[in-house]
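Everything on this sheet refers to the single structure shown next.
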Amino acid sequence: MERRLKISSGERLLDRALDEGIALEQECGGKLACASCRVVVLQGMHHLVAASEDEVDMLERAGASAPNARLACQVRGTGDIVIEIPDAELPPACAASSPVRVTPRAARHLAAQLNKHAGAVAVRLAVERSGCSGFSYRIDPAGAIGDGDAVFESHGVRIAVDAASLPYVQGTLLDLVREGLAHRLQIDNPNVRESCGCGKSFSARSS
Ligand code: FES
Numbered sequence: 043m044e045r046r047l048k049i050s051s052g053e054r055l056l057d058r059a060l061d062e063g064i065a066l067e068q069e070c071g072g073k074l075a076c077a078s079c080r081v082v083v084l085q086g087m088h089h090l091v092a093a094s095e096d097e098v099d100m101l102e103r104a105g106a107s108a109p110n111a112r113l114a115c116q117v118r119g120t121g122d123i124v125i126e127i128p129d130a131e132l133p134p135a136c137a138a139s140s141p142v143r144v145t146p147r148a149a150r151h152l153a154a155q156l157n158k159h160a161g162a163v164a165v166r167l168a169v170e171r172s173g174c175s176g177f178s179y180r181i182d183p184a185g186a187i188g189d190g191d192a193v194f195e196s197h198g199v200r201i202a203v204d205a206a207s208l209p210y211v212q213g214t215l216l217d218l219v220r221e222g223l224a225h226r227l228q229i230d231n232p233n234v235r236e237s238c239g240c241g242k243s244f245s246a247r248s249s
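Mind the numbering: the sequence shown is residues 43 to 249 in this note's numbering, read in order.
Structure follows, in structure tokens:
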């Protein structure tokens, strides 16, 4: 569905859309925690403030790949725009053929790690049977791409996944989060059914 809107000075796109009777979802109440308010800006992108890194990250987590995708609760601007509400455009986060992706900050971290390993050509993401819930992850520098590997490219980083691991990690998003003074990779895997109390292993459905 396409709609033309006139945004008043500094007004939030979500508020303008709701005022015009457009029933945009807003599951988190505009707290940048759900991506349910996503739209695609077809015209007038230059009237809008640029997306923050956090907004870009949330769009990526939601698999919103359209080039002008925005979160209406985060968009302010002034002027005429045309938006599309992409009801069915987005695949579910756990779609069977979903790629493995990284956020921009995780990509910077992983690229820096790869630079420390001479000959590394990709990041290898694998699962192995261990731990109290069945599987655990391995993330290592890969010196070569194997015959059966699936290779994903995300924000300039290549991620190699072997054929046995792939069904358990499709659709996974790697992010970098701060914990105290340190950072760690956070693995958002839509295939996980449950993880154990220690947080190091998980059980999964394979897609
Ligand atoms: S309403 Fe949740 S991110 Fe916009």
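Glycine included, each C-beta is placed from N, C-alpha and C at the ideal position.
Please read all numbers here as calculations on a predicted model, not as lab measurements.
Is it buried or exposed for residue i, if we count other Cβ within 10 angstroms and need 16 for buried?
i    : result
L167 : buried
L223 : exposed
A92  : exposed
N157 : exposed
G86  : buried
M100 : buried
G71  : exposed
H151 : buried
Does residue i come out as helix, strand or coil in the three-state DSSP assignment?
i    : result
E95  : helix
L156 : helix
T126 : For clarity, residue 126 is Glu in the given sequence; the question names Thr instead. Note: E126 maps to strand in three-state DSSP.
V211 : helix
A111 : strand
D61  : helix
A202 : strand
E102 : helix
A29  : The chain is shown only over 43 to 249; residue 29 falls outside these bounds and no answer can be derived.
Going by the DSSP bridge assignment, what does residue i pair with across the sheet?
i    : result
H225 : R220
R118 : R54
L74  : DSSP, once it has assigned bridges, lists no residue as partnering L74.
A164 : A184
Threshold first: 4 residues or longer. Then list the alpha helix (DSSP H) segments lying entirely within the region 170 to 196, N to C.
none
Within the chosen definition, does the region 226 to 236 reach the region 207 to 216 through at least 3 CB pairs nearer than 8 angstroms?
yes
Is it true that the region 139 to 157 meets the region 191 to 198, where meeting means three or more beta-carbon pairs spaced less than 8 angstroms apart?
yes
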